[in-house]
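Each remark here refers to the structure printed beneath this line.
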Amino acid sequence: MLSIDGTLIVQLVNFVVFLAILNAIFFKPVGAAIAKRRAYIDGLKHDIEQLQGDAKSIRTTAEGRRAAARREADDVLAKARTAASAETDAIIVAAQGKASEIVTKAHADVATELDAARANEPQLIDALANEMLSRAIGGAA
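The opening position of the sequence shown corresponds to residue 131 in the working numbering, with each subsequent residue numbered one higher.
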């Protein structure tokens, strides 16, 4: 059987003193170091979350700017295409007008030359007839 004697009480007191010393020397510093490390890790987690949020907002802003730049570029291209189309149409109209003037002038020149040729036609016919007649008469004699 177990009996409580003086050595058991001394051992209990010794154990309590050992736990008190162990607590003061080991458990408190280790607990403080663990708490400090947890606080550091929690701070890092908070910083990471904040930086991830900042990165997300920066990405969103960049995507918005990129989309705005694309829209602006599309608008500029559309305006340039419209201006180029208008300029092309103007050039075509000018070229058609010039071509029409050239054709009209050519028709007028041809008509003038035709009128001049028809005006000289009786004289040429008379000259040709006289030449043929003189060859025919001169060749028969």
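All residues carry an ideal CB built from backbone N, CA and C; glycine is no exception.
Judged by DSSP in its simplified three-state form, Asp135 adopts coil rather than helix or strand. Rounded to whole angstroms, the gap between the alpha carbons of Ile188 and Ala203 is 22 Å. Straight-line measurement puts the Cα of Ser230 at about 28 Å from the Cα of Ala249.
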